[in-house]
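J.: One structure is given below, represented as structure tokens, and several questions about it will come after.
Residue numbers (my numbering): 110 to 571.
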């Protein structure tokens with residue numbers, strides 16, 4: 110199945126940019142005025158909340174989780190497995206607890222875990238990693254991203270994100286008073302996630318003397334794109350031309366790359382280790398997202414300020430879970446775990462793609478990660494604008510993909526996430542026809558979601 114989307118993004122994108130009245134940065138009195146749709150967002154009602162906090166909106170994930178619970182929906186929206194974590198990882202946790210690893214560890218991470226990570230990633234990065242200075246363990250990947258932004262970004266700085274993107278870096282930048290600029294992946298006809306392309310000229314044009322951080326993500330959420338070595342080298346060339354730029358590379362889905370493709374660490378490219386903080390998630394790797402164990406690898410000049418932020422907020426990550434992750438990494442090859450995980454998730458990806466096609470939705474086959482995007486043009490949504498023609502300045506929750514995902518939840522009892530929530534203003538029209546589905550679920554869960562969509566009739570309007 111072929112999905113058309115970027116053609117419309119390009120066709121209407123230029124017109125929208127010309128017609129939208131966007132306040133120049135020098136006249137923005139408050140960072141939130143850069144996005145007029147923020148005025149329509151729910152605010153925190155507490156009179157004691159700070160101005161920055163009061164202007165933040167509830168997460169799209171929280172919103173659709175509440176809808177999912179209300180309608181007893183099959184939740185394919187959030188990225189967590191509903192199958193059990195591996196037994197050898199559970200045993201590692203028990204071993205750590207009964208081994209009396211239950212007190213504070215050093216803020217940068219328990220010695221056993223950082224040494225295990227150094228041994229594991231030294232050959233991957235092509236560099237002899239210093240376990241105590243160049244690796245830090247934090248409370249999950251989201252905490253790593255937040256801590257990195259707080260540690261490195263000032264209110265006068267800009268953060269460039271390759272979009273669509275997970276909202277954690279934008280939320281952190283907003284709270285710091287920094288400006289976020291999105292540079293979109295685009296596709297004319299998308300069959301697989303490889304069809305999403307980054308325009309390097311557009312990326313470089315977005316980088317200014319005020320740009321402090323460039324946020325990358327591979328394997329990519331929500332498209333499932335795995336960046337090639339040529340694409341990463343093209344980005345690296347741009348980074349080399351901007352000596353004040355730091356790269357935050359989100360690689361939490363490194364273990365989930367399909368079809369015999371290879372994940373390439375951006376920091377492993379020539380000259381990039383010194384410029385990059387790489388974020389990982391042990392919770393994703395071992396199907397234990399509730400453990401909240403993440404880690405970062407990078408040069409000491411970036412890692413140590415991040416550790417100080419983490420120390421001020423969490424002090425340290427739970428010690429028994431750190432030791433358990435160290436044991437899990439030490440034993441995972443014995444169980445051929447990572448290869449089995451990849452094969453299991455690839456089979457689930459293929460299954461959900463087949464089911465969605467039969468149900469009348471058109472999946473864009475992902476190369477990696479937990480998620481896929483699917484075309485929803487066959488679902489008739491009651492919206493005031495024709496598909497791909499909604500103006501960019503309407504409230505985010507009035508866009509077509511939000512209406513479709515609400516319909517899926519309310520009428521079919523299946524939760525998906527609207528893709529426009531992953532874009533900044535100016536690019537949201539690109540995915541007005543797309544919704545994100547998660548496939549790291551039990552086969553019975555995927556089958557039930559399929560049954561509900563078919564019985565609802567939502568995918569059969571053509």
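The beta carbon of each residue, even a glycine, is placed where N, CA and C say it ideally should be.
(1) Measure from the alpha carbon of residue 158 to the alpha carbon of each residue in 307, 284 and 418, then state which is nearest.
(2) Over what stretch of residues does the alpha helix (DSSP H) that includes residue 515 continue unbroken?
(3) Pull up the CB-CB distance for residue 558 and residue 545, whole angstroms please, since I reckon it's below 8 Å.
(4) Give the DSSP-derived three-state secondary structure of residue 184 in the structure shown.
(5) So within the segment 460-536, which uninterrupted alpha helix (DSSP H) runs reach at least 4 residues, ignoring any that extend past its ends?
(6) Do the CB positions of residue 475 and residue 465 come within less than 9 Å of each other?
(7) Return the first residue and the last residue of the alpha helix (DSSP H) that residue 417 is part of.
(8) Could you tell me the boundaries of the alpha helix (DSSP H) in which residue 392 lies?
(9) On a Cα-Cα basis, can you pick out the residue from 458, 197, 358 and 392 that is closest to residue 324?
(10) Which residues mark the beginning and the end of the beta strand (DSSP E) in which residue 326 is found?
(11) Taking the alpha carbon of residue 251 as the point to measure from, which residue in 432, 563 and 326 has its own alpha carbon closest?
(12) Whose C-beta lies closer than 6 Å to the C-beta of residue 460 among residues of the same chain, with five residues either side of it excluded?
(13) When you compare only the Cα positions, how much space is there between residue 561 and residue 268?
(14) How close, in whole Å, do the beta carbons of residue 549 and residue 190 come, if the pair is a contact with beta carbons under 8 Å?
(15) Cutting at 6 Å between CB atoms, please list the residues of its own chain near residue 400, excluding the five before and the five after it.
(16) Kindly indicate the opening and closing residues of the alpha helix (DSSP H) around residue 177.
(17) Going by the beta-carbon positions, is the gap between residue 386 and residue 344 smaller than 9 Å?
(18) Buried or exposed: residue 467, going by 16 or more other Cβ atoms within 10 Å of its Cβ?
(19) Pull up the distance between the alpha-carbon of residue 394 and that of residue 361, whole angstroms please.
(20) Out of curiosity, what's the CA-to-CA distance linking residue 365 and residue 396?
(21) If distances are taken between C-alpha atoms only, which option among 516, 182, 523 and 426 comes closest to residue 634?
(22) In this structure, what does DSSP give as the bridge partners for residue 362?
(23) Between 470, 216, 314 and 438, which has its C-alpha nearest residue 253's C-alpha?
(24) For residue 350, is the classification buried or exposed, using 16 other Cβ atoms within 10 angstroms of its Cβ as the cut-off for buried?
(25) Count the C-beta pairs between the segment 201-215 and the segment 428-446 that are closer than 8 Å, then say yes if the count reaches three, no if not.
(26) Between residue 308 and residue 295, what straight-line distance do the alpha-carbon atoms span, to the nearest angstrom?
(27) Ordered along the chain, which non-local residues of its own chain (more than five positions away) have a Cβ less than 7 Å from that of residue 438?
(28) Would you check if the distance between the CB atom of residue 299 and the CB atom of residue 473 is smaller than 9 Å?
(29) Output the distance between the C-alpha atoms of residue 413 and residue 497, rounded to the nearest integer angstrom.
(30) Among 503, 187 and 510, which residue has its Cα nearest to the Cα of residue 491?
(31) By the 10 Å Cβ neighbour count, where 16 or more other Cβ atoms means buried, how is residue 114 classified, buried or exposed?
T.: Taking the coordinates as given:
(1) Of 307, 284 and 418, the residue nearest in Cα terms is 284.
(2) 509-516 is the span of the alpha helix (DSSP H), which, as asked, contains residue 515.
(3) So it is not a contact: roughly 13 Å between Cβ atoms.
(4) Assignment of residue 184 by DSSP, reduced to helix, strand and coil, places it in the strand class.
(5) Qualifying alpha helix (DSSP H) stretches, in chain order: 509-516.
(6) No, Cβ-Cβ distance for residue 475 and residue 465 is not below 9 Å.
(7) Looking at the DSSP string, the run of the alpha helix (DSSP H) that includes residue 417 is 409-422.
(8) 391-394 is the span of the alpha helix (DSSP H), which, as asked, contains residue 392.
(9) Nearest option by C-alpha distance: 358.
(10) From DSSP, the beta strand (DSSP E) with residue 326 extends over 320-326.
(11) If we check each option's Cα against that of residue 251, 326 comes out closest.
(12) These residues qualify, in order along the chain: 555.
(13) Distance between the alpha carbons of residue 561 and residue 268 is about 41 Å.
(14) So it is a contact: roughly 5 Å between Cβ atoms.
(15) Excluding positions up to five away in sequence, the list reads 392 and 430.
(16) Here the alpha helix (DSSP H) through residue 177 covers 169-179.
(17) Contact: no.
(18) Under this definition residue 467 is an exposed residue.
(19) Distance from the CA of residue 394 to the CA of residue 361, rounded to the nearest whole angstrom, comes to 8 Å.
(20) Spanning the two alpha carbons is a distance of roughly 11 Å.
(21) Beyond the ends of the chain as shown, which are 110 and 571, falls residue 634; an answer cannot be given.
(22) As computed with DSSP, residue 362 is found in no beta bridge at all.
(23) The shortest Cα separation from residue 253 among 470, 216, 314 and 438 belongs to 216.
(24) Within a 10 Å sphere around the beta-carbon of residue 350 sit fewer than 16 other beta-carbons, which makes this residue exposed.
(25) Judged by pairs of C-beta atoms under 8 Å, the segment 201-215 touches the segment 428-446, as three or more such pairs exist.
(26) Here the alpha carbon of residue 308 sits roughly 8 Å from the alpha carbon of residue 295.
(27) Excluding positions up to five away in sequence, the list reads 225 and 229.
(28) The answer is yes: Cβ separation under 9 Å.
(29) Our two residues, residue 413 and residue 497, have alpha carbons roughly 45 Å apart in a direct line.
(30) The shortest C-alpha separation from residue 491 is found at 510.
(31) Reliability of the predicted coordinates at residue 114 is poor, the pLDDT of 44 falling under 50, and the value obtained from them is presented with this limitation in mind. Around the beta carbon of residue 114, a 10 Å sphere encloses 16 or more other beta carbons of the protein chains shown; the residue is thus reported as buried.
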